[in-house]
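K.L.:
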Amino acid sequence: MEDNQLNKKLHLWSDKELKVLQENYSFNNISLFLPNKTKSSIYHKASRLNLKREMRTRKYSVNHNFFKEFAPQMAYLLGWWFSDGSVSKNLKQISIHINNKDKEILNLISQTLNNNRPIKEYNNSSYLVIQSKVLANDLIKLGCIPNKSLKIEFPNIPESLVSHFLRGFFDGDGSIYFNKPNTIIISFLGPYNFLFVLQNKIHKLLKIKPHPISKHKSIFRVCYYGNDARKISFWLYNNSGNLYLKRKRERFENHLRLRKNGPKTSNISSHGFTNA
């Protein structure tokens with residue numbers, strides 16, 4: 146009896162879910178917006194509501210060639226897709242979904258891609274979904290493969306752009322936090338092989354010795370502390386323009402102000418590097 150009642154509840158659609166379905170059925174991967182519904186349930190309900198994918202009339206634009214040539218902005222977005230992004234070759238689609246509190250960076254990513262498809266919100270998440278066979282294929286060629294969480298390898302990119310790539314990756318799968326009053330710690334999460342190469346890149350470019358890679362369940366993490374963490378952070382944010390996750394950079398700025406006991410400043414260039 147209880148199982149029947151549970152199944153009945155699972156098949157019920159709330160007004161909010163119906164609205165999400167009606168507004169987003171044109172997306173190939175509509176299940177992103179309805180995580181509590183099966184694909185068959187979604188298609189059955191859409192059929193009953195007489196919703197059709199052919200109903201899409203508006204054409205959306207995007208820079209389909211964005212990932213074809215290396216550049217600072219391209220490397221930064223590539224880092225995001227390696228961390229929090231998703232690529233579907235079958236659906237010819239790329240996407241990122243993040244917490245609503247970070248929607249500002251999702252808007253910047255969308256603008257950088259010259260994308261005019263609106264960002265969608267559902268529950269506490271914001272979704273950027275772009276239909277593009279070219280973008281999907283180019284990301285796959287660069288190593289950002291579907292179902293990548295435990296498989297990705299560090300991409301082959303110019304050394305001059307590694308800091309931009311890692312800033313994007315750090316914004317998606319990195320952390321900045323503090324031990325004791327103001328001892329800075331930054332960490333990166335990822336597959337072991339990816340972090341192993343990441344360490345070697347940092348060692349080669351910044352002369353910072355590799356740190357231990359720790360494991361929790363199937364996730365690996367590498368942490369840097371104190372002077373090493375500051376050196377890496379300066380390197381990541383130098384010449385970053387406006388492409389960075391605001392709350393993480395602000396934590397670093399606050400750390401620098403506490404160390405120097407200096408006046409409040411919103412321009413990190415006063416600490417030794419620029420936003421160019």
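This note's numbering puts the first residue of the sequence shown at 146, with every later residue one more than the last.
Don't be surprised by glycine CBs; every beta carbon is placed ideally from N, CA and C.
Predicted, not measured: the structure shown is a model, and the values here were computed from it.
Between which two residues does the beta strand (DSSP E) carrying LYS265 extend?
P.N.:
Taking the sequence shown and counting its residues from 1, one reaches residue 265 at position 120. Looking at the DSSP string, the run of the beta strand (DSSP E) that includes LYS265 is 265-267.
K.L.:
Flag this pair as yes or no: are the beta carbons of ILE321 and ILE331 separated by less than 7 Å?
P.N.:
The residue you call residue 321 lines up with position 176 of the sequence shown. The residue you call residue 331 lines up with position 186 of the sequence shown. Result yes, Cβ atoms of ILE321 and ILE331 sit closer than 7 Å.
K.L.:
What whole-angstrom Cβ distance do ILE329 and ALA374 have, given they're in contact under 8 Å?
P.N.:
Counted from its first residue, the sequence shown places residue 329 at position 184. Counted from its first residue, the sequence shown places residue 374 at position 229. Contact flag correct, Cβ pair sits at about 5 Å.
K.L.:
Helix, strand or coil for ASN338, going by three-state DSSP, please let me know.
P.N.:
The count along the sequence shown starts at 1 and reaches residue 338 at position 193. Here ASN338 sits in helix by DSSP.
K.L.:
Per the DSSP calculation, PHE310 is bridged to which residue(s)?
P.N.:
Translated into the one-based positions of the sequence shown, residue 310 becomes position 165. Answer is none; PHE310 lacks a bridge partner.
K.L.:
The alpha helix (DSSP H) with ILE297 in it runs from where to where?
P.N.:
Locating residue 297 in the sequence shown gives position 152, counting from the first residue. Where ILE297 is concerned, there is no enclosing alpha helix (DSSP H), given that its DSSP letter is neither H nor E.
K.L.:
Rounding to the nearest angstrom, what Cα-Cα distance links SER159 and LYS190 in this structure?
P.N.:
As a first step, residue 159 is located in the sequence shown; it is residue number 14 there, counting from the start. As a first step, residue 190 is located in the sequence shown; it is residue number 45 there, counting from the start. Those two C-alpha atoms are separated by around 12 Å.
K.L.:
Could you give the residue range of the beta strand (DSSP E) that holds TYR205?
P.N.:
Numbered from its first residue, the sequence shown carries residue 205 at position 60. Unbroken run through TYR205: none, as it is neither H nor E.
K.L.:
Quick one, which of TYR369, SER271, TYR337, GLY313 has its alpha-carbon nearest ASN387's?
P.N.:
Residue numbering aside, residue 387 sits at position 242 when the sequence shown is read from its first letter. Here the closest residue by C-alpha is GLY313.
K.L.:
Classify HIS361: buried if its beta carbon has 16 or more other beta carbons within 10 angstroms, exposed otherwise.
P.N.:
As a working mapping, residue 361 is identified with position 216 in the sequence shown. So HIS361 counts as exposed.
K.L.:
How is the alpha helix (DSSP H) around LYS248 delimited, first residue to last?
P.N.:
Here residue 248 corresponds to residue number 103 of the sequence shown, with the count starting at 1. Per DSSP, LYS248 belongs to the alpha helix (DSSP H) from 248-257.
K.L.:
Quick check on DSSP: helix, strand or coil for LEU287?
P.N.:
Within the sequence shown, residue 287 is the residue found at index 142, counting from 1. Coil at LEU287, not helix or strand.
K.L.:
For a quick check, are the C-beta atoms of HIS242 and TYR205 less than 7 Å apart?
P.N.:
The residue given as residue 242 occupies position 97 in the sequence shown. The residue given as residue 205 occupies position 60 in the sequence shown. No, the Cβ-Cβ distance between HIS242 and TYR205 is not below 7 Å.
K.L.:
Three-state secondary structure (DSSP) at ARG366?
P.N.:
Against the sequence shown, residue 366 aligns to sequence position 221. Residue state, collapsed to three classes: strand.
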